[in-house]
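Undergrad: Residues 1 to 105 in UniProt numbering are what the sequence shown lists, from first letter to last.
Quick reminder that beta carbons are idealized off the backbone N, C-alpha and C, glycines included.
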Amino acid sequence: MALIKCPDCGYDVSDEAVACPNCAKPIAAPDTTSPEPEVQTIEKTSKKLKGWLAVCMGTFGISALMLMVGGAVNSEVTMGLSLTLFFVSAVGICVVKGKIWWEHQ
């Protein structure tokens, strides 16, 4: 809290005062504006879509690991299965993400 001089009478006035106590000249306009409410973003993505996204991402990760292991073992069955899972889960992720985007409000 600082003291300022009144522009009319030169009296020492608090900078928080609305008017000078000596001459009643308004010092500062009272703050009549209320603080703006904080904006809250709400995502309305269904739990069903989030669940499918989690399943697709988990399958994608497992198939990537299978590709790494299958490449070391040189098993055609493991490579075929892991490649199929890899691409199906990648397409699934794209489809689910597209559906989430489409339904976003």
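DSSP on residue 19, reduced to helix/strand/coil?
TA: strand
Undergrad: Taking the continuous beta strand (DSSP E) assigned at residue 5, which residues delimit it?
TA: 3-5
Undergrad: Comparing C-alpha positions only, which one of 3, 38, 40 sits nearest to residue 27?
TA: 3
Undergrad: Which residue from 22, 85, 96, 43 puts its Cα closest to that of residue 112?
TA: Summary: the structure shown does not reach residue 112, with the chain confined to residues 1 through 105, and so no result is reported for it.
Undergrad: Contact check, residue 88 vs residue 52 under 8 Å by CB: the rounded distance?
TA: Contact doesn't hold; Cβ gap of about 13 Å is too wide.
Undergrad: Could you check where the beta strand (DSSP E) with residue 14 kicks off and where it finishes?
TA: Counting along the chain, residue 14 sits inside the beta strand (DSSP E) bounded by residues 12-14.
Undergrad: Is the beta carbon of residue 67 less than 9 Å from the beta carbon of residue 79?
TA: yes
Undergrad: Taking the straight line between their C-alpha atoms, what separation do you get for residue 42 and residue 100?
TA: 14 Å
Undergrad: Just how far apart, CA to CA, sit residue 22 and residue 9?
TA: 8 Å
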